[in-house]
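In UniProt numbering, the protein residues as written are 1 to 210. Glycine is no exception: its CB is placed at the ideal position from the N, C-alpha and C atoms. Data first, discussion second: the structure below is written as structure tokens.
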Amino acid sequence: MKTQATTGIDHPPQNISNLLKTLTQLAYDHGASAAAVIRCQSIPVKDHLADLCKPPGCPNYGLAASCPPHVGGPQRFREQLTRFEHAIVFKIDVRAADLMGAARPDIFRTLHRIAATIEQAAVARGCKDACAFAGGSCKELFCTDHPSCRVVQENGPCRYPAEARPSMSGYGIDVFGLMAALGWPQHRIGDNNHSDDGPTGSIAGMVLIC
Numbered sequence: 001m002k003t004q005a006t007t008g009i010d011h012p013p014q015n016i017s018n019l020l021k022t023l024t025q026l027a028y029d030h031g032a033s034a035a036a037v038i039r040c041q042s043i044p045v046k047d048h049l050a051d052l053c054k055p056p057g058c059p060n061y062g063l064a065a066s067c068p069p070h071v072g073g074p075q076r077f078r079e080q081l082t083r084f085e086h087a088i089v090f091k092i093d094v095r096a097a098d099l100m101g102a103a104r105p106d107i108f109r110t111l112h113r114i115a116a117t118i119e120q121a122a123v124a125r126g127c128k129d130a131c132a133f134a135g136g137s138c139k140e141l142f143c144t145d146h147p148s149c150r151v152v153q154e155n156g157p158c159r160y161p162a163e164a165r166p167s168m169s170g171y172g173i174d175v176f177g178l179m180a181a182l183g184w185p186q187h188r189i190g191d192n193n194h195s196d197d198g199p200t201g202s203i204a205g206m207v208l209i210c
């Protein structure tokens, strides 16, 4: 059994510690390569990162309710952080060839599902405001066979409320800064990171817990 990382993690009070340990292990159980607890005050947020979502930066801009301009962005996220002390961050290390190829949607769907699973488990254990974030446009990942996001176009219910989660990029969350704060190696696509299967990259998700 894998256990949570110890470098750069938060050390919460004992009555919360067991809950965070359980939720962190849940990330591993569902496919995360690493997971750890971090204090919310240590989560880096940068306005310019959210601006990268705007055209021509991201072709999915405006297509999903969980992406800009339909989300509150960095300012709203900073306000949200003031209501939390602890978050769980997790990552998935993958072959660069898979991340850039046909397997990419499945990899990012896994990221969303891990985030959603942790959030739902936290809510079930009394953290009613737990909130998960992932990466990639949920329209591209879950509703690619539909002409539009039902929430955006019809003001209707999400087709995948139990799985799809907002992308961290739309809120200006500095993913690589987050991983650096936890002491994790930063595997950027295009860098010289190699495993036995070739170059590797990392994608990350996060859940605000309590």
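Three-state secondary structure assigned by DSSP to residue i
{"i": "MET100", "result": "coil"}
{"i": "THR22", "result": "helix"}
{"i": "VAL207", "result": "strand"}
{"i": "PRO199", "result": "strand"}
{"i": "SER169", "result": "helix"}
{"i": "ALA115", "result": "helix"}
{"i": "ASN15", "result": "helix"}
{"i": "LYS139", "result": "helix"}
{"i": "ALA164", "result": "coil"}
{"i": "ARG159", "result": "coil"}
{"i": "LEU63", "result": "coil"}
{"i": "ASP106", "result": "helix"}
{"i": "PRO68", "result": "coil"}
{"i": "PRO74", "result": "helix"}
{"i": "GLN80", "result": "helix"}
{"i": "GLN120", "result": "helix"}
{"i": "CYS127", "result": "coil"}
{"i": "ILE9", "result": "At ILE9, the pLDDT of 48 sits below 50, so the modelled position is not reliable and the matter cannot be decided from this model."}
Own chain partners of residue i with C-beta closer than 7 Å, once the 5 adjacent residues on each side are dropped
{"i": "TYR71", "result": "The residue you asked about is not Tyr; residue 71 is Val in the sequence shown. Around VAL71: PRO166, GLY170 and TYR171."}
{"i": "CYS53", "result": "TYR61, CYS67, PRO68, SER169 and GLY170"}
{"i": "TRP184", "result": "ALA34 and LYS91"}
{"i": "ALA32", "result": "PHE90, LYS91, ILE92 and ILE114"}
{"i": "THR144", "result": "none"}
{"i": "PRO55", "result": "TYR61"}
The beta strand (DSSP E) enclosing residue i, as first and last residue numbers
{"i": "CYS131", "result": "131-133"}
{"i": "ARG95", "result": "86-95"}
Chain-order list of residues whose beta-carbon lies under 8 Å from that of residue i (same chain, five-residue window excluded)
{"i": "LEU141", "result": "PRO105, PHE108, ARG109, HIS112 and ALA164"}
{"i": "VAL45", "result": "PRO74, PHE77, ARG78, LEU81, TYR171, GLY172, ILE173 and ASP174"}
Element boundaries [alpha helix (DSSP H), containing residue i]
{"i": "ALA180", "result": "175-181"}
{"i": "VAL151", "result": "150-154"}
CB-CB length for residue i against residue j, believed under 8 Å
{"i": "SER17", "j": "CYS67", "result": "That belief does not hold up - the Cβ atoms of SER17 and CYS67 are roughly 34 Å apart, past 8 Å."}
{"i": "LEU19", "j": "ARG125", "result": "6 Å"}
{"i": "GLU85", "j": "CYS40", "result": "6 Å"}
Contact set for residue i: own chain, Cβ-Cβ below 6 Å, skip 5 residues either direction
{"i": "ALA132", "result": "ALA115, ALA116, GLU119, ARG165 and VAL207"}
{"i": "PHE176", "result": "GLN186"}
{"i": "VAL123", "result": "ALA130"}
Inset, instruction - Mind listing, in chain order, the continuous alpha helix (DSSP H) runs of no fewer than 4 residues lying wholly within the stretch 20-57? - result: 47-51
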